[in-house]
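Residue numbers (UniProt numbering): 1 to 422.
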């Protein structure tokens with residue numbers, strides 16, 4: 001008994017601190033993941049494309065498309081890391097962002113700065129891009145990565161974007177252009193002369209599409225290896241505790257709830273995990289389920305407060321969604337919700353006759369409230385299809401019982417709202 005008690009306190013504060021720091025870096029997005037769970041094929045495709053540029057001087061253009069939080073940035077960072085380990089500094093990497101490089105001049109200067117090229121104010125785009133394209137057999141390949149690629153295309157002029165794409169056709173200086181975006185409409189946003197002149201590939205990056213893959217991904221985020229600390233026994237015990245954590249029923253419920261209800265499942269898991277990781281210390285060297293449960297419950301309290309503050313039009317929308325769910329419509333769009341709402345009001349007026357008059361809320365007003373609910377993460381997109389607003393399929397992120405509670409407990413609402421749920 002005494003030996004076990006002694007062993008409990010053999011973990012060094014240094015090992016715990018290093019592990020805590022590493023996990024925080026992962027959760028904050030500052031660390032490149034060790035493995036890309038669920039993105040293995042995407043990683044292989046992107047690596048092969050960039051490898052052809054770096055190893056064989058073949059210029060390429062590729063657009064990465066996927067919803068927020070699906071792993072596009074992690075994918076690119078991981079592949080660049082693997083290429084750097086293999087080729088060291090035999091290629092250059094340039095990073096641009098459509099949110100920061102908001103016009104031709106800023107984008108041109110940033111590109112020149114990162115490549116170490118001097119340009120004059122009076123030089124035209126063609127002259128500058130000719131400098132980028134010039135080179136010889138000793139010229140290093142260049143990988144250009146553009147985040148928020150859709151914003152970059154929108155903010156810069158069409159001639160500039162055309163010339164930007166055109167430099168990837170240079171034989172003297174091999175280049176790879178990687179555009180990263182969430183918008184499926186990027187191909188219609190690009191000028192037609194670019195699409196016709198330049199060959200390009202695209203990689204669709206999807207969020208973890210099964211609970212099994214998401215659980216595996218979440219576990220990989222919290223698992224450590226011997227490279228973090230020299231204390232192999234601590235690493236072994238830490239990973240054993242992580243395995244026990246993922247077998248805990250309450251923790252599994254949290255994982256399932258994130259997967260089913262969150263609009264950005266990976267970042268939501270990061271957010272919930274950050275506080276428990278921060279609590280690790282010499283007295284509590286491992287992650288425990290109760291810390292995760294406490295954070296998850298606090299988030300649910302926040303949602304309940306948002307629900308209590310909703311106004312009548314917003315609650316009408318939730319009641320219509322609740323009514324649709326009763327007919328196994330687990331996904332919906334605004335058109336369906338508005339139709340459900342108007343049908344109920346019209347039928348209620350018909351049954352009550354002249355004794356009751358209820359005005360319908362105008363469609364454009366209810367649409368604004370529908371968008372408000374999306375902003376508050378009470379509803380979220382069910383897929384990444386780029387459809388007109390009224391027909392985008394959505395999913396409820398709260399339980400139907402929560403709608404019943406908030407309507408039933410609000411005495412200020414008209415009685416016909418409570419009658420609908422009954």
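Quick reminder that beta carbons are idealized off the backbone N, C-alpha and C, glycines included.
Check, Outcome
"Short Cβ contact (8 Å threshold) for residue 111 with residue 96", "yes"
"CA nearest to the CA of residue 19, picked from 62, 252, 223 and 306", "223"
"Whole-angstrom distance between residue 129 and residue 65, CA atom to CA atom", "27 Å"
"Residue 297 burial status per 10 Å Cβ neighbour count (16 or more: buried)", "exposed"
"Rounded separation between residue 104 and residue 142 - CA only", "20 Å"
"Residue 308 and residue 406 closer than 8 Å at C-beta", "yes"
"Limits of the beta strand (DSSP E) - the one that residue 389 falls within", "Careful: residue 389 lies outside any beta strand (DSSP E) and carries neither H nor E."
"Residue closest to residue 363, alpha-carbon to alpha-carbon, out of 85, 375, 390 and 378", "390"
"Cα-Cα separation between residue 148 and residue 228, rounded to whole angstroms", "33 Å"
"Strand pairing of residue 147, partner residues [DSSP]", "97"
"Residue 175 versus residue 394 - alpha carbon distance", "40 Å"
"Bridge partners - residue 30, DSSP secondary structure assignment", "In DSSP, residue 30 forms no bridge with anything."
"Buried or exposed (CB count within 10 angstroms, at least 16 for buried), residue 231", "buried"
"For residue 201: DSSP bridge partner residues", "62"
"Cβ pair residue 377, residue 397 closer than 8 Å", "yes"
"Three-state class that DSSP yields for residue 279 in the structure shown", "coil"
"Short Cβ contact (8 Å threshold) for residue 146 with residue 117", "no"
"Three-state secondary structure assigned by DSSP to residue 235", "helix"
"DSSP state of residue 382 mapped onto helix, strand, coil", "coil"
"Start and end residues, beta strand (DSSP E) containing residue 324", "From DSSP, residue 324 is part of no beta strand (DSSP E) but of the alpha helix (DSSP H) over 312-325."
"Residue 423 and residue 210 closer than 8 Å at C-beta", "Any question about residue 423 goes unanswered here, given that the chain covers just 1 to 422."
"Span of the beta strand (DSSP E) around residue 182", "No beta strand (DSSP E) contains residue 182, which DSSP labels as neither H nor E."
"Inter-residue Cα distance where the pair is residue 282 and residue 13", "6 Å"
"Nearest-angstrom Cα separation, counted from residue 311 out to residue 29", "37 Å"
"The segment 199-207 touching the segment 68-79, judged by at least three CB pairs closer than 8 Å", "yes"
"Backbone secondary structure at residue 190 - three-state DSSP", "coil"
"Alpha-carbon spacing of residue 108 relative to residue 165, whole angstroms", "13 Å"
"Three-state secondary structure assigned by DSSP to residue 176", "strand"
"Collapsed DSSP secondary structure at residue 287 in the structure displayed", "coil"
"The segment 337-348 in contact with the segment 312-328 per 3-pair CB rule at 8 Å", "yes"
"Residue span of the alpha helix (DSSP H) that contains residue 373, given as start and end", "363-375"
"Which listed residue (38, 315, 152 and 249) has its alpha carbon closest to that of residue 412", "315"
"Contact check, residue 345 vs residue 360, beta carbons under 8 Å", "yes"
"Delimiting residues of the beta strand (DSSP E) encompassing residue 395", "394-396"
"Buried/exposed call for residue 243, threshold 16 Cβ in 10 Å", "exposed"
"Close-in-space but distant-in-sequence residues of the same chain around residue 246 (CB under 8 Å, 5 per side omitted)", "215, 218, 219, 252 and 255"
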